[in-house]
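One structure is given here, and the rest of the page talks about it.
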Amino acid sequence: MAEEHYSYAAYSATGRLEAVVVDIQYGGLEDLRRARTTGNDTNQIVLLKLGQAPLLYKLSLLAEMGFRGVLLYVDPCDSPSDQSQMNKAFGVTLNPGGDPTTPGYPSIAGSYREERPNLTSLLVQPISASLAKRLLNVPSVGLGNLCTPLAMPAASERRTIRLSVDSNSVYKTVHNVCGFLRGKSNPDRYVLVGSRHDSWHKGTAADWRGGSAMMTQIITSLTNQARRGWEPDRTTVFCSWGGSALGNIGSFEWGEENRVVLQSHAVAYVSLHSPVRGTETLRSTASPSLLQLNTDIQKRQLQSCIRGGNCPGPNVSSLQLPGDVSFFANHLAVPAMEFAFEQTKEKSGFLCEAQFTAESPDTMDPLFEFHETIAKVKYHPSSHSMTLTRQPYSML
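Residues in the sequence shown are numbered consecutively from 709, following the numbering used here.
Put into structure tokens, the structure is as follows:
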């Protein structure tokens, strides 16, 4: 798939629409009320920024209000200034998770399947910020003002455009790869270590291969120790998930198939989702029951890097985690934790819903120093005894 065609909204409705372009910013209630007063909802295509609220929630409001077309974009002010994405295309999925044809039950051989090629009545298409700027009739500004939020001027004449969305839904087999290292004291208690793999587009390789490389190295280190007689207290289950880009399909379906066992025996999920997203700060995220362990691990890492001179301060939160951890944390109440290097200027929110072609690890981290740091901090919960008490509602 060519770079210029890497722009999609998986499970969007299909069809054609000619309508007036309306700016609704982030899709807040006031923006939606203003859009309704400007004309006929069914004859408007809205320009919607990602961020501030979940995309699926905002799309559901637009569908209820009668809008028919949505153009998505990321405002340059919401991205790190040194990673300008003005001209970059991206993809999104409108799938909340799992196989849409088997909602609430595992997608295995013999399962009844519902025909659900589209998950919304809206025509949805992501566009670049530069194209959004043209549609908004935003005047050109100097390089020093790149971080002026994009918005349609009050006196601007609105454009009429034609939106065409043509996509085909086909059945494909998604593969997960799972292995385990049996525990000694509590073999029926599981620590899950999850990463993902993709092969449908070359641009996604840079996004997932860092996590896969870390998982491979952690497995190698643990198996080498096991050959020398060491055994973990709990069983460690390593999982590489398929179908992540289109709604975390592999992890959802595996979790649904093993729901009963996981709800009673899984004690933690260690996420290897996109471990190096930047090079400025080490950010850690954890469920409340794992916050202390998370903080202790990061303190040890800070002590070990003092002489190296590249020691980010502690940055621990319990915000929502993206990626394949979603089903385990939100549906099964399995405590989860994640470490990742990020850019300090990146705003927290829902920008991770945009799937840009990732920068290659060879470019961002040519010596793999940041990957090594993340692997070391994640090696601790995978290999050592953890004082974990499974709380009945230990949600993120």
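Beta carbons are placed, not taken as given, at the ideal position from N, Cα and C, and that holds for glycine. Nothing here was measured: the structure is a model prediction, and the numbers come from that model.
Please report the distance separating the alpha-carbon of L871 from that of D731. Within the sequence shown, the letter at position 163 stands for residue 871. Within the sequence shown, the letter at position 23 stands for residue 731. Rounded to the nearest angstrom, the two C-alpha atoms are 16 Å apart.
Measure from the alpha carbon of W938 to the alpha carbon of each residue in S948, H973, A1048, L889, then state which is nearest. Along the sequence shown, one-based indexing puts residue 938 at 230. Looking at the Cα atoms, L889 is the closest of the given residues.
Within a Cβ cutoff of 6 Å, which residues of the same chain sit near Y716, ignoring the five residues on either side of it in sequence? The count along the sequence shown starts at 1 and reaches residue 716 at position 8. Once the five neighbours on either side are set aside, the close Cβ partners of Y716 are G799.
I'd like to check one pair, L780 with I835: are the Cβ atoms closer than 8 Å? Position 127 of the sequence shown, counting from 1, holds the residue named residue 835. Position 72 of the sequence shown, counting from 1, holds the residue named residue 780. Contact flag set, yes.
Since S704 and P1043 are thought to touch, with beta carbons under 8 Å apart, how far apart are those beta carbons, to the nearest angstrom? This structure leaves residue 704 out entirely; the chain is present only between 709 and 1104.
According to the neighbour-count rule (16 or more other Cβ atoms, all chains shown, within 10 Å of its Cβ), is R936 buried or exposed? Residue mapping note: residue 936 aligns to position 228 of the sequence shown, counting from 1. Result: exposed.
Would DSSP call K841 helix, strand or coil? Numbered from its first residue, the sequence shown carries residue 841 at position 133. In this structure, K841 counts as helix in the three-state DSSP scheme.
Taking just the CA atoms, how far does N845 sit from G1031? Residue mapping note: residue 1031 aligns to position 323 of the sequence shown, counting from 1. Residue mapping note: residue 845 aligns to position 137 of the sequence shown, counting from 1. Roughly 35 Å between the two C-alpha positions.
Is it the case that the Cβ atoms of N826 and S920 are separated by a distance below 8 Å? Along the sequence shown, read from residue 1 onward, the residue named residue 826 stands at position 118. Along the sequence shown, read from residue 1 onward, the residue named residue 920 stands at position 212. No, the Cβ-Cβ distance between N826 and S920 is not below 8 Å.
DSSP three-state call for E961: helix, strand or coil? As a position in the sequence shown, residue 961 is number 253, starting the count at 1. E961 falls in the helix class under three-state DSSP.
Those runs of the beta strand (DSSP E) which lie wholly inside the segment 719-751 and span at least 3 residues: Whole beta strand (DSSP E) segments, 3+ residues: 723-731.
Is the separation between the beta-carbon of G805 and that of F960 shorter than 8 Å? Walking along the sequence shown from the start, residue 805 turns up at place 97. Walking along the sequence shown from the start, residue 960 turns up at place 252. Yes, the Cβ-Cβ distance between G805 and F960 is below 8 Å.
Buried or exposed: where does S768 fall if 16 or more other Cβ atoms within 10 Å of its Cβ makes it buried? Translated into the one-based positions of the sequence shown, residue 768 becomes position 60. With fewer than 16 other Cβ atoms from the protein chains shown falling within 10 Å of its own Cβ, S768 counts as exposed.
Three-state secondary structure assigned by DSSP to E939: Here the question's residue 939 lines up with position 231 in the sequence shown. Residue state, collapsed to three classes: coil.
A862: buried (16+ other C-beta within 10 angstroms of its C-beta) or exposed? The residue given as residue 862 occupies position 154 in the sequence shown. By the neighbour-count rule (16 or more Cβ atoms within 10 Å), A862 is not buried but exposed.
Within the continuous beta strand (DSSP E) that includes Q833, where are the two ends? Along the sequence shown, one-based indexing puts residue 833 at 125. Looking at the DSSP string, the run of the beta strand (DSSP E) that includes Q833 is 831-834.
G850 - DSSP class collapsed to helix/strand/coil: Along the sequence shown, read from residue 1 onward, the residue named residue 850 stands at position 142. Confidence at G850 is low in this model, with a pLDDT of 47, below 50, so its placement is unreliable and the value that follows should be read with caution. Coil.
In the DSSP assignment, what are the bridge partners of G902? To locate residue 902, count along the sequence shown from 1; it is residue 194. G902 is bridged to C947, S979.
If we count the other Cβ atoms within 10 Å of its Cβ and call it buried at 16 or more, is G887 buried or exposed? For the purposes of this step, residue 887 is taken as residue 179 along the sequence shown, with counting starting at 1. Exposed, by the Cβ-count rule.
Considering only their Cβ atoms, is the gap separating Q1006 from S995 smaller than 8 Å? Within the sequence shown, the letter at position 287 stands for residue 995. Within the sequence shown, the letter at position 298 stands for residue 1006. Contact flag unset, no.
Cβ neighbour criterion (16 or more within 10 Å) applied to E964: Sequence index remark: in the sequence shown, residue 964 carries index 256 (1-based). Buried, because 16 or more other Cβ atoms sit within 10 Å of the Cβ of E964.
Buried or exposed: N803, going by 16 or more other Cβ atoms within 10 Å of its Cβ? As a first step, residue 803 must be located in the sequence shown, where it is residue number 95. Per the 10 Å Cβ criterion, buried.
Touching by the beta-carbon criterion (3+ pairs, under 8 Å), the segment 877-887 and the segment 759-773: no
Reduced DSSP secondary structure (H/G/I, E/B, other) of Q793: Position 85 of the sequence shown, counted from the first residue, corresponds to residue 793. If DSSP states are grouped into helix, strand and coil, Q793 belongs with coil.
Cβ-based burial, T745 [other Cβ within 10 Å; buried from 16]: To locate residue 745, count along the sequence shown from 1; it is residue 37. So T745 counts as exposed.
Do you know whose CA, among L980, R824, V975, R897, lies nearest K1080's CA? In the sequence shown, counting from the first residue as 1, residue 1080 sits at position 372. According to the sequence shown, residue 1080 is Glu rather than Lys. Measuring from the Cα of E1080, the nearest candidate turns out to be L980.
What first and last residue would you give for the beta strand (DSSP E) that runs through Y820? Indexing the sequence shown from 1 puts residue 820 at position 112. From DSSP, Y820 is part of no beta strand (DSSP E); its letter is neither H nor E.
Whose C-alpha, out of I753, L990, M773, is nearest the C-alpha of F1049? Walking along the sequence shown from the start, residue 1049 turns up at place 341. Cα-wise, what sits closest to F1049 is L990.
Could you tell me whether the Cβ atoms of N884 and S948 are closer together than 8 Å? By 1-based counting over the sequence shown, the position of residue 884 is 176. By 1-based counting over the sequence shown, the position of residue 948 is 240. Against a cut-off of 8 Å, the Cβ pair of S948 and N884 comes out as a contact.
Leaving out five residues on either side along the sequence, give the residues of the same chain with a beta carbon under 8 Å from the beta carbon of P808. As a first step, residue 808 is located in the sequence shown; it is residue number 100 there, counting from the start. Cβ within range, chain order: Y719, E822, R824, L827, G955.
Measuring CA to CA, which of G891, A797, Y898, E1046 is closest to A934? The sequence position of residue 934 within the sequence shown is 226, counting from 1. Comparing Cα positions, the closest option is G891.
For the beta strand (DSSP E) that V885 lies in, which residues bound it at each end? Mapped onto the sequence shown, residue 885 falls at position 177. Segment 885-889, the beta strand (DSSP E) holding V885.
Whole-number beta carbon distance between V728 and A743, since they are thought to touch under 8 Å: For the purposes of this step, residue 743 is taken as the residue at position 35 of the sequence shown. For the purposes of this step, residue 728 is taken as the residue at position 20 of the sequence shown. The Cβ separation is near 10 Å, so there is no contact.
DSSP puts I869 in a beta bridge; with which residues? Indexing the sequence shown from 1 puts residue 869 at position 161. Answer by DSSP bridge pairing, in chain order: A727.
Just mark E1061 as buried or exposed, buried being the case when its beta carbon has 16 or more other beta carbons within 10 Å. In the sequence shown, the residue the question calls residue 1061 occupies position 353. When all chains shown are included, E1061 counts as buried.
Enumerate in chain order the residues of its own chain whose CB-to-CB distance from R942 is below 6 Å, with the five nearest sequence positions on each side excluded. Residue mapping note: residue 942 aligns to position 234 of the sequence shown, counting from 1. Listed in chain order, the non-local C-beta contacts of R942 below 6 Å within the same chain comprise G891, N894, R897, V899, local neighbours out to five positions each way being set aside.
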